[in-house]
Amino acid sequence: EELTGARVYHMYMVPGGVRGDIPDGFIEHVEKVMKGVEKVLYDVEIALLNNAIFKMRAKGLGYISKAMADEYGIVGPNARAAGLARDIRKDSPYLIYDQLDFNVITGTHSDALERTFVRFREMLQCVSLIRQVINKMPRNGAYYTHIPNPLHWKIPAGETYVRAEASRGEYGYYMVSDGTEYPRRVQVRGPSYTHAIAVLEKLAIGTNLADLAGLMVSLHTCPPEIER
Numbered sequence: 001e002e003l004t005g006a007r008v009y010h011m012y013m014v015p016g017g018v019r020g021d022i023p024d025g026f027i028e029h030v031e032k033v034m035k036g037v038e039k040v041l042y043d044v045e046i047a048l049l050n051n052a053i054f055k056m057r058a059k060g061l062g063y064i065s066k067a068m069a070d071e072y073g074i075v076g077p078n079a080r081a082a083g084l085a086r087d088i089r090k091d092s093p094y095l096i097y098d099q100l101d102f103n104v105i106t107g108t109h110s111d112a113l114e115r116t117f118v119r120f121r122e123m124l125q126c127v128s129l130i131r132q133v134i135n136k137m138p139r140n141g142a143y144y145t146h147i148p149n150p151l152h153w154k155i156p157a158g159e160t161y162v163r164a165e166a167s168r169g170e171y172g173y174y175m176v177s178d179g180t181e182y183p184r185r186v187q188v189r190g191p192s193y194t195h196a197i198a199v200l201e202k203l204a205i206g207t208n209l210a211d212l213a214g215l216m217v218s219l220h221t222c223p224p225e226i227e228r
């Protein structure tokens with residue numbers, strides 16, 4: 001919000017860059033926040049991840065095999081917890097991810113407990129990635145030269161699929177153009193639809209009602225993302 005002015009502000013990023021430079025003191029503030037995030041994560045590790053009751057309830061809950069991950073199109077931390085080292089930032093690098101030092105974090109047990117541990121380690125890794133990005137960030141020069149008006153574009157006829165690694169996994173846009181200024185078709189592929197509908201329905205079979213909430217949380221879905 002300090003950078004863009006709002007929590008959800010889609011207009012800050014434009015083709016080729018961003019609308020404005022970062023404010024004075026922003027980088028120092030980011031580092032302060034990162035230290036706070038690290039402290040909270042370590043507190044979570046002590047209070048939750050080392051909690052015997054939590055581990056007992058989460059262990060073995062919602063097992064996902066590699067075959068099931070492929071069959072259902074499971075992505076992100078849910079797939080990586082099943083031992084699948086899949087990450088678009090590594091498999092098809094974009095932006096500056098090929099310049100950053102990080103490994104794909106995977107698990108082996110593929111249950112609710114493993115998915116929690118994978119996400120915990122990925123959050124710690126994100127702190128490192130943010131610091132690396134800040135160190136590589138240009139300190140001078142133009143941040144944009146011209147903000148294009150997409151309403152005047154003539155998009156060549158054809159189709160494309162563009163994807164990125166979001167916090168829940170692969171997030172993609174499939175677009176079809178008929179050569180005019182407006183796309184003929186746009187389809188958004190978010191991971192929550194698969195994880196919250198098909199996968200949850202499969203894993204919920206035979207699960208104790210008291211464990212259902214923990215199963216749902218372990219899949220880390222977002223209701224607004226489901227309806228795309």
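Take the sequence shown: its letter number 201 is residue 201 in the numbering used here, and every next letter is one higher. Glycine included, every Cβ here is placed at the ideal spot set by N, Cα and C.
Nearest candidate by alpha-carbon position, reference residue i, set the options
i	options	result
G239	Y63, R7, R57	The question about residue 239 has no answer, for the chain in this structure spans 1 to 228.
R86	Y94, I96, I74	I74
G172	K35, E159, Q187, Y9	Q187
L95	Y161, E170, Y174, V133	V133
R168	Y42, I88, K59	I88
G60	E227, G214, E225, H220	G214
T108	K90, N51, R80, T207	R80
R139	G158, G25, Y9, N51	G25
R163	R185, S92, A67	S92
A69	V199, D178, L209, T207	V199
A157	G141, A166, D178	D178
R189	A210, L41, Y182, E165	E165
V118	E45, H152, R184	E45
H152	L129, E170, P183	P183
8 angstroms CB neighbourhood of residue i in its chain, flanking five on each side removed
i	result
T180	K154, I155
E38	L124, V127
E31	R131, I134
A58	D111, A112, L113, T116, G214, S218
I197	I226
R7	E1
Y97	R89, K90
Span of the alpha helix (DSSP H) around residue i
i	result
K59	No alpha helix (DSSP H) contains K59, which DSSP labels as neither H nor E.
D269	Since the first and last residues shown for the chain are 1 and 228, residue 269 lies out of range.
P15	Taken as a continuous stretch (DSSP letters only), P15 belongs to no alpha helix (DSSP H), as it is neither H nor E.
A85	Per DSSP, A85 belongs to no alpha helix (DSSP H) and is neither H nor E.
Y42	26-44
A67	66-72
I226	223-226
7 angstroms Cβ shell around residue i - same chain, five flanking residues per side excluded
i	result
R121	I105
L212	A204
T194	Y72, G73, I74
Q99	K136
L48	F54
S192	R168, T221, C222, E225, I226
T207	L215
K90	V104
A67	none
6 angstroms Cβ shell around residue i - same chain, five flanking residues per side excluded
i	result
Y174	Y161, Q187
E159	V176
Legend entry - Complete runs of the alpha helix (DSSP H) confined to the stretch 131-216 [at least 4 residues]: 200-203
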